[in-house]
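Contents: one structure, followed by commentary.
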Amino acid sequence: MASDIGSTSQHPLFVDIEMVEMGTPPRHSFDTHASIETVGTSVETVGTSAVTHETDFSFGAPNYWTWRRILMAIALVGLIAVVAITAILFLVLRQDHLKTHKLHPHPECQLSLTVSQDGKSNFTTISDALDACPSSNSSSFKICILVRAGEYNEKLNIADEKMYVMLIGEGAEKTIITSNSSLVVGTSILPSATLTILGEGFIAQDLTIENKNEYGLAVENFGDKTVFFQCTLKAFNATLHMEGIRQFYQSCTFHGKTSLVSGFADSFFQRCEFFSMKSYPQDRTFFFTQTPPRPSHYYIFIFHICSFHVVPKFNNTFRTTYLGGDFGDFGNVVVLQSSLDSSIGGYYLGGPPPNTCLYKIYENTRNGEPIKNIPSYILSLPSVESAAEFSLRGFMDVNNWIPPGIDYDLGSD
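Under UniProt numbering, residue 413 is the last one in the sequence shown; the count climbs by one each step, no gaps.
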């Protein structure tokens with residue numbers, strides 16, 4: 001009998017049946033009225049039922065081990081999701097940090113110094129870091145001064161012998177250099193700047209430079225091959241005065257009242273914003289003035305993809321804020337693909353300009369519309385080919401002195 005059952009003979013139910021057939025009382029209680037023969041003849045049926053019962057058990061309500069597997073799977077999926085989200089946030093924040101706050105040694109720097117107000121850096125003042133910079137006359141030896149976030153009340157001077165210095169902050173809204181500087185000579189008050197540049201190859205990046213004095217300048221730039229990138233310049237009246245050769249300002253913001261840009265230099269402004277902060281509607285103000293001292297060199301201001309704004313926006317029926325004025329006899333200005341608020345006029349010259357002045361424009365707008373009624377002394381460049389002469393590529397040999405990390409638009413070839 002056991003051989004007929006085969007491998008199923010060890011099942012308790014089959015053992016009991018075998019004992020009944022052998023005359024041994026079964027361990028399980030069966031109905032005493034049921035015949036042993038009936039039980040015996042039901043072995044195959046019972047065996048089938050037992051197998052079916054065993055199979056059904058695996059598809060019934062989940063037991064302890066099934067629930068454990070489910071919970072472990074849920075926990076694993078949750079852990080993977082948390083790790084993935086954390087990694088994505090880290091990458092996003094890191095990219096935003098690198099894009100906006102490039103406070104790390106520049107790859108071209110041979111010497112890096114750090115400044116912070118908490119005493120955890122090389123210096124606590126920018127002036128001390130500048131004093132520690134070695135003198136250099138080689139463009140191959142660049143010095144980085146990395147300035148941590150904070151407001152530094154200092155008046156800075158980049159001396160002639162301090163060449164190829166890079167001043168890098170943590171962002172214009174975080175690293176602020178400010179002063180209340182003016183120069184009193186006898187009974188006169190002369191402009192004095194928070195930052196004065198004499199040395200060649202100076203670069204400022206991710207900083208705010210501010211002068212809170214009524215007569216003070218934010219920056220005086222006498223240098224050659226100087227670059228301002230992602231900086232904010234603020235002053236009460238005039239903001240930037242230039243007397244140099246090659247100067248480049250990219251993605252900068254200028255705040256002042258009048259003559260936000262003045263002087264003479266071969267200067268290029270790209271993607272910059274200018275805000276004239278007027279006190280009264282009748283104030284006559286200018287965004288830039290240019291007074292070249294001699295005709296031997298035609299110093300030129302070029303504005304490319306810039307915007308000019310008046311704050312607050314007075315509801316004037318006449319314009320008292322002008323794009324430029326007071327050019328002397330050798331004014332030379334080119335404005336390309338830039339936008340003006342509706343309250344901004346063209347040039348205030350006080351009369352017909354001498355034929356030694358040169359004014360050129362290309363694809364500018366006022367209040368979003370093409371500018372109309374252009375005076376005859378202003379040359380509207382007729383084509384992109386003619387405007388390309390004044391693009392950054394055409395105007396300056398930028399590959400020799402603007403670092404590759406500066407994001408600029410060369411314009412048309």
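Beta carbons: idealized from backbone N, C-alpha and C, even for Gly. The structure displayed is predicted, hence computed values, not measured ones.
Note down the Cα distance separating Lys-212 from Asn-399, rounded to an integer number of angstroms.
Here residue 212 refers to the residue found at position 212 of the sequence shown. Here residue 399 refers to the residue found at position 399 of the sequence shown. Distance between the alpha carbons of Lys-212 and Asn-399 is about 36 Å.
Check whether chain C comes within 8 Å of Asp-266, counting only Cβ atoms and requiring the distance to be less than that.
Protein chains in the displayed structure number just one, and chain C is not present.
Do Tyr-347 and Leu-323 have their CB atoms nearer than 8 Å?
In the sequence shown, residue 347 corresponds to position 347, counting from 1. In the sequence shown, residue 323 corresponds to position 323, counting from 1. Going by C-beta atoms, Tyr-347 is nearer than 8 Å to Leu-323.
Nearest-angstrom Cα distance between Phe-330 and Ile-245?
Here residue 330 corresponds to residue number 330 of the sequence shown, with the count starting at 1. Here residue 245 corresponds to residue number 245 of the sequence shown, with the count starting at 1. Whole-angstrom Cα-Cα distance: 16 Å.
On the DSSP bridge assignment, give the partners of Met-301 in chain order.
Locating residue 301 in the sequence shown gives position 301, where the first residue counts as 1. Looking at the sequence provided, one finds Phe at residue 301 rather than Met. According to DSSP, which records beta bridges pairwise, Phe-301 is partnered with Ser-267, Val-333.
Member of Gln-117, Leu-167, Gly-150, Glu-151 whose CA lies at the smallest distance from the CA of Ile-158
Start at 1 with the first residue of the sequence shown, and residue 158 comes out as number 158. That would be Leu-167, whose Cα lies nearest to the Cα of Ile-158.
Have a look at Trp-401 and Leu-76 and give me their C-alpha separation to the nearest angstrom.
Stepping through the sequence shown from its first residue, residue 401 is reached at position 401. Stepping through the sequence shown from its first residue, residue 76 is reached at position 76. When rounded, the distance between both Cα atoms is 54 Å.
Is Ser-262 helix, strand or coil when you go by DSSP?
In the sequence shown, counting from the first residue as 1, residue 262 sits at position 262. Three-state result, Ser-262: strand.
DSSP on Ser-386, reduced to helix/strand/coil?
Locating residue 386 in the sequence shown gives position 386, counting from the first residue. It is helical.
List the residues that DSSP assigns as beta-bridge partners of Gly-325.
Here residue 325 refers to the residue found at position 325 of the sequence shown. Its beta-bridge partners are Thr-289, Tyr-348.
Just verifying my parser: in three-state terms, what is the DSSP assignment at Phe-274?
Numbered from 1 along the sequence shown, position 274 holds the residue referred to as residue 274. In the three-state reduction of the DSSP assignment, Phe-274 falls in the strand class, which pools E and B.
Applying the criterion that 16 or more other CB atoms from any shown protein chain within 10 Å of the CB defines a buried residue, is Thr-52 buried or exposed?
Position 52 of the sequence shown holds residue 52. Here the model assigns Thr-52 a pLDDT of 43, short of 50, so the residue's position is not dependable, and the following value carries that caveat. By the neighbour-count rule (16 or more Cβ atoms within 10 Å), Thr-52 is not buried but exposed.
Quick one: grab the DSSP three-state call for Ile-402.
In the sequence shown, the residue the question calls residue 402 occupies position 402. Look at Ile-402 here: in three-state DSSP terms it is coil, with no helix or strand label.
What is the C-beta distance between Ile-197 and Val-227, in whole angstroms, given that I count them as a contact (C-beta under 8 Å)?
For this step, residue 197 is matched to residue 197 along the sequence shown. For this step, residue 227 is matched to residue 227 along the sequence shown. Wrong, their Cβ atoms sit about 11 Å apart, outside the cutoff.
Relative to the alpha-carbon of Leu-379, which residue among Leu-71, Ala-149, Ile-361, Asn-367 has its alpha-carbon at the smallest distance?
In the sequence shown, the residue the question calls residue 379 occupies position 379. Of the candidates Leu-71, Ala-149, Ile-361, Asn-367, the one whose C-alpha sits nearest the C-alpha of Leu-379 is Ile-361.
Ala-129 versus Asn-367, Val-165, Ala-235, residue with shortest Cα-Cα distance
Here residue 129 corresponds to residue number 129 of the sequence shown, with the count starting at 1. Residue Val-165 is the option with its Cα nearest to Ala-129.
Kindly provide the ranges of any beta strand (DSSP E) runs that are 3 or more residues long and lie completely inside the stretch 224-255, ordered along the chain.
You should have 226-229, 232-235, 240-250.
Beta-carbon proximity of Ile-176 to Thr-125, cut-off 8 Å
Here residue 176 corresponds to residue number 176 of the sequence shown, with the count starting at 1. Here residue 125 corresponds to residue number 125 of the sequence shown, with the count starting at 1. Against a cut-off of 8 Å, the Cβ pair of Thr-125 and Ile-176 comes out as no contact.
According to DSSP, residues forming a beta bridge with Ile-361
One-based indexing of the sequence shown puts residue 361 at position 361. Bridge partners of Ile-361: Val-335, Ser-380.
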